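For reference, the structure is listed below as structure tokens.
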Amino acid sequence: MAKIRPYGDDDFAACTGLWQRCGLVTWYNDPSRDIALWRQSSCAEIFLAEDAGAVVGSLCCGHDGHRGWLYYVAVDPDRQRSGLGTRLVRHAEDWLHRQGILKVQLMVREQNRRIIGFYAALGYAVTPRAVMARWLELPSPPPEGVELAPDLALAAGREAKLRFTITYLEMTARPAIQPVHPPASLKFALLRAEHPTVAFYRYLYNAVGGDWRWWYRRQMSDAELAGILADDRIEVFVLYVDGAPAGYFELDRRAASTIDLAYFGLMPHCVGRGLGRYLLYAAIEQAWSYAPGRLTVNTNTMDHPRALPLYQKMGFTPYRQEEQQIIDPELTGIIPV
Ligand SMILES: CC(C)(COP(=O)(O)OP(=O)(O)OC[C@H]1O[C@@H](n2cnc3c(N)ncnc32)[C@H](O)[C@@H]1OP(=O)(O)O)[C@@H](O)C(=O)NCCC(=O)NCCS
């Protein structure tokens with residue numbers, strides 16, 4: 004049976020070799036630096052599992068004076084599912100408990116979520132906290148072409164604020180446009196979703212706005228959104244193609260004589276199939292059926308680049324532009340990455 008012992012001076016190659024085999028080494032963590040810091044600290048320990056002279060398991064643990072943390076929990080791929088991971092975790096927990104620590108935490112990388120089952124089997128549970136991170140220094144520049152998580156992207160120079168221009172457009176009379184029909188080959192339907200559920204609405208909003216950083220309604224609570232959707236003067240029309248949602252538009256009739264086309268768009272799989280003009284035409288027709296004094300819409304520079312020319316072609320005229328900036332919703336977690 005493998006024996007668990009503290010890390011020693013000659014263990015570097017065997018320990019980091021194990022981490023490589025277990026897929027735990029990334030460009031943004033430098034194992035030699037990590038190990039040196041752990042060994043200097045009186046609040047941290049590195050434990051190794053050794054069997055017949057070979058390092059077959061590892062765990063780094065430590066506490067920050069409040070919580071205990073586990074890192075580099077690894078068992079050699081040939082030895083997994085034989086209880087060694089459990090023994091290492093329990094060993095570290097005992098050590099932390101003896102230091103006066105009452106709660107142990109760890110982070111699992113997004114790509115490694117399947118491992119959560121291991122910790123759950125040991126009595127850990129996913130806890131609802133937003134973990135926020137800021138790099139004081141990157142150990143090395145990011146490799147070319149790698150998609151960076153928001154904290155790494157920020158450290159590599161990404162702006163925390165998004166700046167964009169909003170163009171407000173209006174039409175003050177029903178436009179003289181020819182009726183637009185969807186391509187004849189498509190099986191489609193346009194149906195009003197009367198008081199849609201929040202879940203269905205969020206699905207539409209996120210699917211249509213996902214590529215364009217639609218964030219405003221994402222940050223609303225369910226109760227807030229339900230209140231809006233319960234209003235008869237909010238009209239959500241869903242376009243279905245081949246029986247499944249393909250896009251939607253939303254008219255806001257809450258103002259006295261102005262109707263706002265609050266949201267309009269297609270889902271990514273339906274862009275480029277000749278449906279955008281049809282859906283906009285249908286929205287304009289629906290709005291003018293109430294004979295308002297004015298129909299408005301706005302678009303910003305993060306939206307699809309063809310949105311603005313399409314609105315103009317269909318009879319809207321720009322009347323105002325405004326610069327705005329927001330904290331990037333990917334950094335605040337409003338838009339998940
Ligand atoms: C995570 C790891 C350390 C687990 O070590 P292990 O020695 O295989 O774990 P154990 O044998 O003690 O497993 C105990 C229980 O956890 C659960 N479990 C273990 N691995 C699991 C997995 N991949 N998915 C779901 N449940 C798992 C099982 O219930 C298991 O009991 P069982 O074998 O009787 O069914 C090991 O898989 C590993 O090194 N993975 C690669 C590195 C890694 O991802 N580390 C975690 C970084 S956060």
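Taking my numbering, the leading residue of the sequence shown gets 4, the next gets one more, and so forth. The beta-carbon is built from N, C-alpha and C at its ideal position, and this holds for glycine as well. Only a predicted model underlies this, so the values are computations on that prediction, with no experimental measurement involved.
Under the DSSP assignment, Cys18 falls in the alpha helix (DSSP H) whose first and last residues are 15 to 24. The stretch 185 to 201 makes no contact with the stretch 297 to 308; the number of CB pairs closer than 8 angstroms stays below 3.
Of the other Cβ atoms in all chains shown, 16 or more fall within 10 Å of the Cβ of Tyr208; this residue is therefore buried.
Here Lys106 carries a coil assignment [DSSP, helix/strand/coil]. Rounded to the nearest angstrom, the gap between the Cα atoms of Asn301 and Tyr31 is 41 angstroms. Looking at the backbone, the Cα of Gly60 and that of Ala39 are separated by about 19 angstroms. Excluding residues up to 5 positions away in sequence, Tyr208 lie with their Cβ nearer than 6 angstroms to the Cβ of Arg220 in the same chain. If only uninterrupted beta strand (DSSP E) runs of at least 3 residues are considered, those enclosed by the stretch 29 to 110 are 47 to 54, 57 to 66, 71 to 78, 107 to 109. Residue state for Gln181 is assigned as coil, using DSSP reduced to three classes.
Looking from the CA of Pro131, the closest CA among Gln108, Ser292, Gly86 belongs to Gln108.
Proximity to Ile7 across Ser85, Asp37, Asn115, Val58 peaks at Val58, based on C-alpha coordinates. Within the same chain, and ignoring the five residues on either side of Pro146 in sequence, the residues whose Cβ sits closer than 8 angstroms to its Cβ are Trp30. Straight-line measurement puts the Cα of Ile118 at about 14 angstroms from the Cα of Gly86. Here DSSP, grouped into helix, strand and coil, assigns Asp154 to helix. The shortest C-alpha to C-alpha distance from Ala163 to any of Asp154, Ala123, Asp214 is the one to Asp154.
Note on geometry: alpha-carbon atoms of Ala258 and Gly68 lie some 55 angstroms from one another. Apart from the 5 residues on each side of it in sequence, Tyr206 sits with its Cβ closer than 8 angstroms to the Cβ of Pro248 in its chain, given in chain order. Nearest neighbour of Tyr251 by Cα position, chosen from Glu238, Phe267, Glu96, turns out to be Phe267. Not one heavy atom of ligand 1 falls within 6 angstroms of the beta-carbon of Phe50. Taking all protein chains in view, the Cβ of Val241 is crowded by 16 or more other Cβ atoms within 10 Å, so the residue is classified as buried.
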